[in-house]
Structures are given as structure tokens and as C-alpha cells.
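Working notes, beginning with the structure itself.
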Amino acid sequence: MSKRPLIEQALKRVNNRYELVHAAAKLAKELYETGAESYVTEEGIPLKKTVIAIDEIAKGRAVIMRKSD
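Using numbering that gives the first Met the number 0, you'd call the opening residue of the sequence shown number 0 and step up by one each time.
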């Protein structure tokens, strides 16, 4: 699993890299606190919560809410 295309897909759903980092960090923290199950790669290696968060953003399963001015 190549991580670069995953990030490129996620960047299409946000305004900039800073927003992606901020959203992924918040989602990863939420995943950790709720005890969500980790995905496991084909090799049997569990993925980190940050990778899972970026994957969720890239696939459009995570909604990013922005403050309106």
C-alpha cells in the first residue's frame, strides 16, 4: 500500500495540507479514544490511527466541518 496516492486523494477533499493534518489528527485522536479497531494489511501489520484517518478522509467517509465566518 503506497501512502503517497492516499495523501493525494485526501488533499482533493480539503483546502490545503494544513487542513488535512489538522483534520487527520483530530480524527485519529477520536479513533484512539473510542477504541476503534485497526485495519490490518495483507501482511498482518496493523495500520496506525493516523493512516486510517487519512484513508477515511480520502474515501470521503469522514466529513470535515469548517467554521463559517
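Yeah, the Cβ is synthetic: ideal placement off N, Cα and C, and Gly gets one too.
From a predicted model like this one, the values you see are computed outputs, not experimental measurements.
Following the continuous alpha helix (DSSP H) through V20, name the residue where it begins and the one where it ends. First-last of the alpha helix (DSSP H) with V20: R16 to T33.
* DSSP state of V130 mapped onto helix, strand, coil -> As displayed, the chain neither begins before 0 nor continues past 68, which places residue 130 out of reach and without an answer.
Exercise. On the DSSP bridge assignment, give the partners of V39 in chain order.
Key: Paired residues: P45.
With distances taken Cα to Cα, identify the nearest neighbour of L26 among L5, I51, I44 and A9.
-> Comparing Cα positions, the closest option is I51.
- Query: Pairing CB atoms from the region 28-37 with CB atoms from the region 6-15, are three or more of them under 8 Å?
  - Reply: No: fewer than three Cβ pairs fall under 8 Å.
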